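First comes the structure, then the notes that go with it.
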Ligand code: B12
Ligand code: SF4
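In the working numbering, the protein residues as written are 1 to 447.
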C-alpha cells in the first residue's frame with residue numbers, strides 16, 4: 001500500500017467565485033487509488049469551510065456557492081498591462097503548510113490542474129512540496145496538464161505530467177514510483193469519486209457521462225475525453241447522488257456534464273426517476289449549459305419534480321447561419337420550445353438563463369445584441385460567457401491566423417477575463433447593457 005497525497009491547488013486570477021467548484025477529476029483518481037488499496041489523503045486549497053480559515057460569507061451566497069479568501073499578489077509581467085488586481089484565492093498559505101505538517105511523509109503526491117490560465121496554483125503547490133520533501137515524486141494531471149502538456153513539462157517542476165483521463169495512469173504511475181502495484185477491484189468507470197475526502201461543502205459535483213457527441217469549434221472536450229461520449233449507468237449515478245445526500249449531507253448537486261440531456265430517454269429520465277423514487281431531497285444546478293433541443297414537456301416536468309433550481313441553457317448565438325456553422329446544436333425554434341416547456345412546468349425567470357458566448361474572434365457585438373433580444377423576448381435572462389481560446393481547437397487556429405494570440409502564448413493569456421481575442425471595452429459595455437436589460441426584464445415580469 002502506498003501513501004498518496006492528493007492536492008487541489010489555489011486559483012490565481014483577477015476574479016474567482018465558487019460556483020459549485022469541486023476537484024472532481026482528482027477525486028475520481030483518488031477514488032480509484034483508494035479502492036485499489038492505497039492510503040489516500042486530500043488537501044484542498046479551495047476549502048471554504050476550513051475551521052481555521054473560513055472563507056468570507058455574504059448574504060448573497062446561495063446553494064453552497066460563495067467567495068474565496070483573496071490575497072492580492074504581484075501580477076506576472078505578462079499581465080502587467082491589465083488594469084485589474086491579481087490574486088491568490090483559497091486557503092492562506094500558512095494553513096496549507098500546517099495541513100502539510102499534519103501529514104505523514106507521502107510516498108507520492110498527485111496535483112490536479114483546472115483552467116489552463118490557472119497554472120500558477122499547481123506550480124506553487126509543486127514547489128512547496130519539493131521544498132519540503134525533495135525526494136517524494138510528484139505527478140501533475142488535469143485540464144491544464146492535458147491541454148498545455150509541453151508548457152507543464154517544461155515549467156511545472158513535476159516529476160511526471162500525466163495527460164488525459166487519469167484513472168489507469170495514476171495507478172500505473174504510483175506503482176512505478178513506489179513499487180506498490182495494485183489492481184483496481186472494479187471496472188474503472190464504476191468507481192465513485194472520493195467526494196468524502198473533501199470537508200462537506202453542502203454541495204457536490206456529479207458527472208453522469210464523459211465527453212460530448214457535438215463538435216463545437218471552440219471546445220476542448222474531445223482532447224480531454226478522447227474516448228468519445230460515454231454515459232454512466234443511470235443506477236450508479238443515482239447511487240452516487242444518494243450517498244452524497246444521505247451520508248455526506250449534500251443539499252445541492254451541480255452537474256458537471258458536457259451533454260447531460262443527450263439520449264434523454266435512456267439517461268437523464270431514468271436518473272431523475274431514481275431521484276424521485278428514492279425521495280432524495282436535493283437541489284440540482286447546471287452551471288454548464290444544457291442543450292435546449294432535448295427539453296420537452298415531460299423532461300421539463302421531471303426536472304421540476306426532481307428539484308432543479310438553476311437552469312442554464314447554451315444559446316451562444318441566435319443567428320441561424322452561425323448556428324449551422326457551429327454544428328447546429330441549437331436553433332431558435334427548439335430553444336423557444338424548451339423555454340416554454342420549462343415555464344409550463346413551473347420554473348420561474350429567476351431560475352432560467354441563457355449563456356451567450358462573447359468576445360470570440362471576429363464576433364459582432366450587434367449580432368450578440370440580437371441574441372440577447374431573442375432570449376429576453378422569451379422571458380429569460382442572459383448570462384454572457386466570455387470566450388477563452390483553447391489550444392488544439394479550431395477557434396484557437398482562427399485566433400492565431402488573425403494574430404490575436406501566438407501559438408506559443410503563455411497560458412496566462414488564455415484567461416477569458418482579459419478578452420484575448422476581442423476589444424474588452426466594447427464587450428464590457430455590452431455586458432453592462434445585458435445586466436441592465438436583465439434587471440428590466442425581471443422587474444417587468446414581477447409587475
Ligand atoms: C465543470 C466545468 C466548469 C465548472 C467549474 C469546474 C471547476 N472545478 O473549476 C464551471 C461551470 C464553473 C466552469 C467555468 C468555466 N469553464 Co469550465 N469546464 C468544466 C468541465 C465541463 C468539466 C471539468 C470536470 O470537472 N470534469 C470532470 C472530471 C472527472 O474530469 P477532469 O477534471 O478532466 O479529470 C480527469 C483528467 O483530467 C485527469 N485528472 C484530473 N486531475 C488529475 C490529477 C492527476 C495527478 C492525474 C494523474 C490525472 C488527473 O483524470 C480525471 C479523471 O479522468 C470542462 C470540460 C471537460 N469536459 O473537461 C470545462 C472546461 C474546463 N471549462 C472551460 C471553460 C472555457 C470555462 C469558462 C471560461 C467558460 C466561460 N466562458 O464562462 C469558465 C471559466 C471559469 C473561471 N472562473 O475562469 C474549458 C477550459 C478553458 C481553459 N482555458 O482551460 C473547458 C475544458 C471546456 C471547453 N470549452 O473546452 N467550468
Ligand atoms: S456541446 Fe458543449 S461540450 Fe459539446 S462540443 Fe459543444 S461546447 Fe463542447
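Just so it is clear, CB atoms sit at the ideal spot from N, CA and C, and this is done for glycine as well.
Model, not experiment: these values are computed from the prediction.
Boundaries of the alpha helix (DSSP H) in which residue i is found, first to last residue
i           : result
residue 154 : 149-155
residue 90  : Segment: none, residue 90 is in no alpha helix (DSSP H) and carries neither H nor E.
residue 390 : That residue, residue 390, is in no alpha helix (DSSP H); it is neither H nor E in DSSP.
residue 266 : Careful: residue 266 lies outside any alpha helix (DSSP H) and carries neither H nor E.
residue 173 : 167-178
residue 323 : 320-325
Residue environment, residue i, which counts as buried when at least 16 other CB atoms sit within 10 Å
i           : result
residue 317 : buried
residue 60  : exposed
residue 366 : exposed
residue 419 : buried
residue 190 : exposed
residue 281 : exposed
residue 272 : buried
residue 394 : exposed
residue 211 : buried
residue 17  : exposed
residue 266 : exposed
residue 455 : Nothing can be reported for residue 455: it is not among the residues displayed for the chain, which extend from 1 to 447.
residue 22  : buried
residue 257 : buried
residue 134 : exposed
residue 84  : exposed
residue 364 : exposed
residue 302 : buried
residue 86  : buried
residue 25  : buried
Boundaries of the beta strand (DSSP E) in which residue i is found, first to last residue
i           : result
residue 121 : No beta strand (DSSP E) holds residue 121; the alpha helix (DSSP H) holding it covers 120-132.
residue 379 : No beta strand (DSSP E) holds residue 379; DSSP gives it neither H nor E.
residue 430 : Run containing residue 430: none in the beta strand (DSSP E); it sits in the alpha helix (DSSP H), 424-446.
residue 252 : 252-255
residue 310 : 308-314
residue 138 : 138-140
residue 248 : Segment: none, residue 248 is in no beta strand (DSSP E) and carries neither H nor E.
residue 110 : 108-111
residue 205 : 203-206
Whole-number beta carbon distance between residue j and residue i, since they are thought to touch under 8 Å
i           : j           : result
residue 29  : residue 170 : 5 Å
residue 354 : residue 313 : 5 Å
residue 410 : residue 43  : Incorrect: roughly 27 Å between the Cβ atoms, too far for contact.
residue 342 : residue 295 : 7 Å
residue 445 : residue 379 : 6 Å
residue 167 : residue 188 : 4 Å
residue 332 : residue 374 : 7 Å
residue 64  : residue 202 : 4 Å
residue 108 : residue 136 : 7 Å
residue 214 : residue 329 : 5 Å
residue 66  : residue 55  : 6 Å
residue 13  : residue 119 : Residue 13 to residue 119, Cβ: 11 Å. No contact.
Three-state secondary structure (DSSP) of residue i
i           : result
residue 27  : helix
residue 419 : coil
residue 218 : coil
residue 5   : strand
residue 232 : coil
residue 450 : A query on residue 450 cannot be resolved here, the shown segment of the chain reaching from 1 to 447 and no further.
residue 160 : strand
residue 72  : strand
residue 354 : strand
residue 279 : coil
residue 83  : coil
residue 13  : strand
residue 238 : helix
residue 341 : helix
residue 260 : coil
residue 47  : coil
residue 365 : helix
residue 386 : strand
> Are the segment 138-145 and the segment 87-94 touching, with three or more C-beta to C-beta distances below 8 Å?
Replying inline: The segment 138-145, when compared against the segment 87-94, does not touch it at the 8 Å Cβ threshold.
> Does the count of Cβ pairs from the segment 101-113 and the segment 62-74 closer than 8 Å reach three?
Replying inline: Counting Cβ pairs under 8 Å, fewer than three are found: no touch.
> Can at least three beta-carbon pairs, one atom from the segment 244-263 and one from the segment 403-419, be found at a separation below 8 Å?
Replying inline: Taking 8 Å as the limit for Cβ pairs, the verdict is that the segment 403-419 does not touch the segment 244-263.
> Three or more C-beta pairs closer than 8 Å, one from the segment 205-221 and one from the segment 175-183: is that the case here?
Replying inline: No, the segment 205-221 does not touch the segment 175-183.
>> Can you tell me which residues fall inside 5 Å of the ligand ZN, judged by beta-carbon distance to its nearest heavy atom, and keep chain order?
In response: Absence of the ligand ZN from the depicted structure is noted, with the ligand B12 and the ligand SF4 being the only ligands included.
> Does the pairing of the segment 358-373 with the segment 425-443 give three or more beta-carbon distances under 8 Å?
Replying inline: Note that the segment 358-373 touches the segment 425-443; at least 3 beta-carbon pairs, one per stretch, sit closer than 8 Å.
> Three or more beta-carbon pairs under 8 Å between the segment 235-244 and the segment 419-429, yes or no?
Replying inline: The answer is no - the segment 419-429 does not touch the segment 235-244, with fewer than three Cβ pairs under 8 Å.
>> Contact between the segment 148-163 and the segment 2-10 is defined here as three or more beta-carbon pairs at a separation below 8 Å; is this criterion met?
In response: Judged by Cβ distances under 8 Å, the segment 148-163 makes no contact with the segment 2-10, as fewer than three pairs qualify.
>> Three Cβ pairs or more, each shorter than 8 Å: is that satisfied between the segment 396-404 and the segment 296-315?
In response: Pairwise C-beta distances place the segment 396-404 out of contact with the segment 296-315, as fewer than three of them are shorter than 8 Å.
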